[in-house]
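Undergrad: Going by this note's numbering, 449 is the number at position 140 of the sequence shown; the sequence numbering is gapless.
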Amino acid sequence: MNRVVRWDPFREMVSVRNQMDELVGDLMREPTGWQGEGRGESMRLPLDVFEDDQSFSVKASLPGIDPEDIDISFSENTLTIQGETSGESGDENTKWHLRERHYGKFMRSISLPAAINGANISADFTDGILTLTLPKADEIKPRRITVQTGGSKTVEG
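(1) For Gly-413, which of Leu-371, Val-323 and Glu-321 has the nearest alpha-carbon?
(2) Is Ala-432 helix, strand or coil when you go by DSSP?
(3) Is DSSP giving Gln-457 helix, strand or coil here?
(4) For the putative contact between Leu-354 and Met-416, defined by C-beta atoms under 8 Å, what is the C-beta separation to the nearest angstrom?
(5) Quick check: what's the CA-CA separation for Asp-375 versus Glu-393?
(6) What is the DSSP secondary structure of Arg-417, counted as helix, strand or coil?
(7) Roughly how many angstroms lie between the CA atoms of Ile-419 and Ser-398, to the nearest whole one?
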């Protein structure tokens, strides 16, 4: 059974606008892939960043990278993770059919939205996953304040 749908020009305009937004977004988006060796470019390392009341956590997938080849720094509320991994070059007789494994330099800097206790930052590298824990500074951690009433009652707020 066929159904007749009334034509709505505004619905069509919204559909076209969404398609244009996707097209422009794809053109303007920064590439997230690794770049080949010798091009002078580096990878924009994808990160997961999340927080709780006590700290920020940052996770990065770095499979096949030696933890010794990772440089992590923190200065002026900016975290920087960088390093380099080398690829297999083969000899002059090597004929590559497919080369999707990434190699070269990688780097990522992010600014955190709150003050961090830089002296207590910790890093863990397990199974190719780098996990950083950045504790928030004491002055921004939420505190529970006890309110005493005129009597002997104590109320926590």
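In this text, a Cβ means the ideal position worked out from N, Cα and C, and glycines have one as well. No experiment lies behind these values; they were computed from the predicted model shown.
TA: In brief:
(1) Leu-371
(2) strand
(3) Looking at Gln-457 - three-state DSSP - the assignment turns out to be strand.
(4) At roughly 7 Å, the Cβ-Cβ gap stays under 8 Å, so Leu-354 and Met-416 are in contact.
(5) 10 Å
(6) strand
(7) 32 Å
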